[in-house]
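The listed protein sequences correspond, in order, to chains A and B. Going by my numbering, the first residue of the first sequence is number 1, and it counts up by one from there. Going by my numbering, the first residue of the second sequence is number 112, and it counts up by one from there. Comments concern the structure below.
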Amino acid sequence: DAGITQSPRYKITETGRQVTLMCHQTWSHSYMFWYRQDLGHGLRLIYYSAAADITDKGEVPDGYVVSRSKTENFPLTLESATRSQTSVYFCASSEPYNEQFFGPGTRLTVL
Amino acid sequence: AQTVTQSQPEMSVQEAETVTLSCTYDTSESNYYLFWYKQPPSRQMILVIRQEAYKQQNATENRFSVNFQKAAKSFSLKISDSQLGDTAMYFCAFMYNSGGSNYKLTFGKGTLLTVNP
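Right, dumping it as structure tokens:
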């Protein structure tokens, strides 16, 4: 399917566990982004990537790790999940100076 | 740091009427882009409209138009002939490139718009 997909769509995990959220895009966009959405905060940037093997921190990177070995994939890993990481996570992709296209989101609950 | 402020956490409008959502931003950049995104209950983020700062003409997309006041750093969204399907959270976003690969969006906290029948 063309576009940007995220998996899983819903995830429940426990404090201290490692969790990986997947993001895949079929447009070959150079830029990819991870945001978290929390009530009262809008969307906040966690990490972004300008190309394969190039990543940089956003506004709230602590507790998260990203990698981008292939242009189309941009996984986000929570190394040791905490309750404060309960959120909805959005992946997005774009070309420079163009609008970002968003995935459907992953609702993560950390118990 | 760039900031985006949406001063109206919630708004409501009657079907077929017009509503304006406010957005202000703070930046020292001269070349940037502004966007309005819509997030309906499905949670999907959908681009509504885009404005380049170097363009003086206000962007328009069907029933959606913006009032871009660069000097005042204001970027409001007007929705004409409101429809029930316009009920959503609306986010204003600012984008610029400070050089190299440093290019990203900064979002406001959103305005929840409810269209009443």
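Just so you know, even glycine gets a beta-carbon here, dropped at the ideal spot from N, CA and C.
Secondary structure at residue 107 of chain A: strand, using DSSP grouped into helix, strand and coil.
Considering only beta carbons, the part of the stretch 146 to 160 of chain B lying closer than 9 Å to chain A consists of 146, 148, 150, 153, 154, 155, 156, 157 and 158, in chain order. In terms of beta-carbon proximity, residue 41 of chain A lines the interface with chain B, with at least one pair separated by less than 9 Å. Not one beta carbon of chain A lies nearer than 9 Å to the beta carbon of residue 186 of chain B.
Per DSSP, reduced to three states, the secondary structure at residue 194 of chain B is coil, with no helix or strand assignment. In the DSSP assignment, residue 179 of chain B is bridged to B:186.
When the Cα atoms are used, residue 111 of chain A and residue 71 of chain A turn out to be separated by approximately 33 Å.
Per DSSP, the continuous beta strand (DSSP E) segment holding residue 163 of chain B begins and ends at 157 to 163.
Against chain A, the CB of residue 219 of chain B has a partner CB under 9 Å away; the residue lies at that interface.
Taking a Cβ-Cβ threshold of 7 Å, the residues of chain B close to residue 100 of chain A are 216, in chain order. For residue 3 of chain A, the number of other beta carbons within 10 angstroms of its own is below 16, and it is reported as exposed. Secondary structure at residue 113 of chain B: coil, using DSSP grouped into helix, strand and coil.
By the Cβ-count criterion, residue 105 of chain A is buried, with 16 or more other Cβ atoms from all chains shown falling within 10 Å of its own Cβ.
Close partners of residue 202 of chain B in chain A (Cβ separation under 9 Å): 42 and 43.
Under the 10 Å beta carbon count, residue 217 of chain B is surrounded by 16 or more other beta carbons and is classified as buried.
Taking a Cβ-Cβ cut-off of 8 Å, the neighbours of residue 208 of chain B in chain A comprise 96 and 97, given in sequence order. Less than 9 Å divides the Cβ of residue 125 of chain B from the Cβ of residue 227 of chain B. Counting only runs of 3 or more residues that sit fully inside the stretch 118 to 172 of chain B, the beta strand (DSSP E) segments are 121 to 125, 130 to 132, 135 to 137, 144 to 150 and 157 to 163, in chain order. Taken atom to atom, the span from the alpha-carbon of residue 10 of chain A to that of residue 107 of chain A is near 5 Å. Taking C-beta separations shorter than 7 Å and ignoring five residues to either side along the sequence, the partners of residue 86 of chain A in its chain run 108, 109 and 110, following chain order.
Nearest Cα to residue 186 of chain B within the set B:197, B:138, B:196 and B:225: B:138.
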